[in-house]
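Enquirer:
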Amino acid sequence: MSNIAGKAYAINVITPLRWYLAWVNKIIFWVALKFPQYLKGLITLSLIHYARWVIIGRKQFPHLHPDQPKEDLKYGYMLFFSNFNGSWDQYIDSFTFSIPGGLDLFWKWSVRYPHSVALTPFHDYIRYNQVETNHYYSAYPLATSNDVKAARKLKAMLIDFDNKWHDAPDAEFQKHYNKLLLGLQHDLGDMRPTPIVSMAAAAVDKRRVRDLRKAAQHTVAAMEEM
Amino acid sequence: MGSNVSGKAYALTILSPIKNAYVAGVACADTVRDQLENWNLLQNSPMARVPQTYLARLFVLDDVFTQSLPGAGALDTVSDFLPAVPDGIRRAALPTPDHLKSKYLVFSIDFHGELEPYLRGMWQAIAPEIQSVWQHCYGFDAVSDAEDFVAYMKKCQLTAALFFVGSNDDPLGEQLKALYLKQEFSRFALESQGLPTAELKKRYQEFIARVKPTDLTGPAWTPGQYALLKHSDARQEAAL
C-alpha cells in the first residue's frame, strides 16, 4: 500500500449512485465546469494538486473480451481521485469546514451519503468507501501544491528581473532587487523531504543502512582475524 | 458531457478488467497487486521515466462497497430507526448489495499534453513494465506496439465528469525548473542578506550563471526526485 508520495497523498473514493440520479450528478458537474465561479470554494483549498470525479453508469464498465463476464450492477458509481498535501484528517476536515455545501452538492446523490456535517459520520463514510493505492508516484515529492504555484511565480519574476536589471548600476540593482524580494516574500522558502518521502525512498534508505551495517560488521570481523 | 482536459493538463482514468484466472495457483489480480507493490521497492517509480507525468496512481479494485449505514435522507432514518416499521419493510429499504464480476486495474494519471503522444511516450519509456502488469488483463494479449497500446487504453478509458487543477498545467520540465529555482533562490536570498550592493550584485550574477533560469536543459530537479541535490545540501550544511 502506498497512499503517500512525499508531500502528496492519494485518495480514492468510490460511492454508488442510483442509476436515475447519475445523470443529475453529471449535470451538476457540467454546470460547475461551464461556470467555474462555482469552484471558487475548491480553489480556496490550496492543498490540492489535482482532483477529479468520474461517473460510471452501471453498464459502462469497460468490457474488452468475450471471456470477460459482463457486469450486472444495480448502481452506477462515482469515483473520486484527489492528490493533496497533508494528512487524511486535515484534508477531509478542510472540505467539511470550507465548502460543506459544495461537497454535499457533488455527493448528495450517492447512496447513504451522510452529508459533510456532522464530521464523524462523514469520516466513516469516506473511510468505508476508500480504496488504498498500490503504487503512487509524484514527479515532485519534495513539493506541495503551494510550492508548485509559488515556484511558477518566482521563476517568472526572477527571469523578468534578470532581463531588466542584471547589469544595472548598483543603486538601481539594489532598489529593484529589494522590490523583487518584497514581491516574492510569500513565495520564498526552503523545501525539505518529509520523514518518509515514499515507500521507494524508505526502502532505499533501509537498504543503505543495512549495507553500511554489513560493511561495518565485515570490517570488525576482518580486524578480529588479524 | 465531462472533460478530461483542463488547460493543458489531462486527467487520464483507466479501468482495465483483470482476468478471472489463476496462474500457478495465484489469482491474476493478486499477481498484479504484487507487481505494483514491488514497484514501491525500486529506486524510483517506473512512472518517473514517462515524460510529462505529474502524478500517477495504480490500484486493484476488487469490488464495490455495499452501503448499510444510515445516510442523511429522511427516509433512510425513518426506515432504519422507527421501531414501528416492520422488519421486512426496514430490510427492503436497505441499499441492495452490489458486486463486480471482474476485478479492475485502476490507473489514474495527471499529465501535461495530449493523450495519444503521452501514451506513445509511456510505451516507449516503460514497455516491459507495462507488459508485465497489463498482461493479466483482458484484451491486452493483442497489444504488441505503441499504437496497439494507445488503442487498448482508449477502450479502457473513462471520461472525467469534473477535472480540477489546483496547481498549474505547465510542462513538467518548466515546473521542475521552477521548483529548483525556488529552492536555490530562497537560499541565495537568505545567505546574501545585508551584503554591500556591489558584492550582492557580483554574487547574484554568479548565481544566475550557475542556475541558468531560462535553460530547461540546465540544472533542475529531476522527475520523482525525493532527495535534495548534494550541492544544495552542502550549502545548507555550511549555512548551519
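As given, the protein sequences belong to chains V and H, one line each in that order. The numbering used here applies: residue 1 is where the first sequence begins, and numbers increase by one. The numbering used here applies: residue 227 is where the second sequence begins, and numbers increase by one. For each residue, glycine too, the CB sits at the ideal point set by N, CA and C. Here the structure is a predicted model, which is why all the values come from computation and not from measurement.
1) Is the Cβ-Cβ distance between V286 of chain H and A253 of chain H less than 7 Å?
2) Is K40 of chain V helix, strand or coil by DSSP?
3) In this structure, how does DSSP classify I434 of chain H when only helix, strand and coil are distinguished?
4) Let me make sure I understand the geometry here. Which of H:D395, H:L388 and H:F411 has the alpha-carbon closest to that of F433 of chain H?
5) Give me the chain V residues within the contact set of V286 of chain H, using Cβ-Cβ distance strictly less than 8 Å, ordered along the chain.
6) When you compare only the Cα positions, how much space is there between P449 of chain H and E172 of chain V?
7) Whose C-alpha, out of V:K164, V:K153 and V:K214, is nearest the C-alpha of L393 of chain H?
8) Could you tell me the distance, in whole angstroms, from the CA atom of D367 of chain H to the CA atom of F375 of chain H?
9) Of all the options H:T440, H:V249 and H:A372, which has the alpha carbon lying nearest to the alpha carbon of P354 of chain H?
10) Counting only Cβ-Cβ distances shorter than 7 Å, please list the residues of the stretch 140-153 of chain V near chain H, keeping chain order.
11) Using 7 Å as the threshold, is the C-beta distance between V131 of chain V and N12 of chain V below it?
12) For D396 of chain H, count the other beta carbons within 10 Å of its own beta carbon; 16 or more makes it buried, fewer makes it exposed. Which is it?
13) I'd like the list of long-range same chain contacts for R429 of chain H, defined as Cβ closer than 6 Å, with 5 residues on each side in sequence excluded.
14) Verify the CB distance criterion: does S358 of chain H have a CB-CB separation below 7 Å to chain V?
15) With DSSP as the reference, identify every bridge partner of I48 of chain V, one or two as the case may be.
16) At the 7 Å Cβ level, is Y248 of chain H part of the contact set with chain V, yes or no?
17) Shorter than 7 Å from the beta carbon of I434 of chain H to some beta carbon of chain V?
18) Pull out every residue of the stretch 35-46 of chain V whose Cβ sits closer than 9 Å to any Cβ of chain H, in chain order.
19) Measure from the alpha carbon of R112 of chain V to the alpha carbon of each residue in H:L326, H:L320, H:Y330 and H:K327, then state which is nearest.
20) Note down the Cα distance separating A464 of chain H from R413 of chain H, rounded to an integer number of angstroms.
21) Would you mind stating whether N85 of chain V and T44 of chain V have Cβ atoms separated by less than 7 Å?
22) Are L402 of chain H and Q278 of chain H touching if we call contact CB-CB under 7 Å?
23) Between the Cα of V359 of chain H and the Cα atoms of H:Y236, H:G228 and H:Q261, which residue gives the shortest distance?
24) Using only the alpha-carbon positions, how far apart do L241 of chain H and S94 of chain V sit?
25) Using DSSP bridges, identify the partner residues of L284 of chain H.
26) If I'm right that T133 of chain V touches V117 of chain V with Cβ under 8 Å, what's the distance once you round it to whole angstroms?
Expert: The answer reads as follows:
1) no
2) helix
3) helix
4) Cα-wise, what sits closest to F433 of chain H is H:F411.
5) N134
6) 38 Å
7) The sequence given here has Ser at residue 393 of chain H, not Leu. Ranking the options by Cα distance to S393 of chain H, first place goes to V:K153.
8) 10 Å
9) That would be H:A372, whose Cα lies nearest to the Cα of P354 of chain H.
10) Y140, P141, L142, A143, S145, D147, V148, K149, A150, A151 and R152
11) yes
12) buried
13) S418
14) no
15) V:F84
16) No, Y248 of chain H does not count as interfacial toward chain V.
17) yes
18) L39, L42, I43, L45 and S46
19) H:L320
20) Interpretation of A464 of chain H is limited by its pLDDT of 41, a score under 50 that renders its predicted location unreliable; the figure taken from the coordinates is listed afterwards. Whole-angstrom Cα-Cα distance: 12 Å.
21) The answer is no: Cβ separation not under 7 Å.
22) no
23) H:Q261
24) 29 Å
25) V:H135 and H:F333
26) With 8 Å as the limit, T133 of chain V and V117 of chain V do not qualify as a contact, their Cβ atoms being about 28 Å apart.
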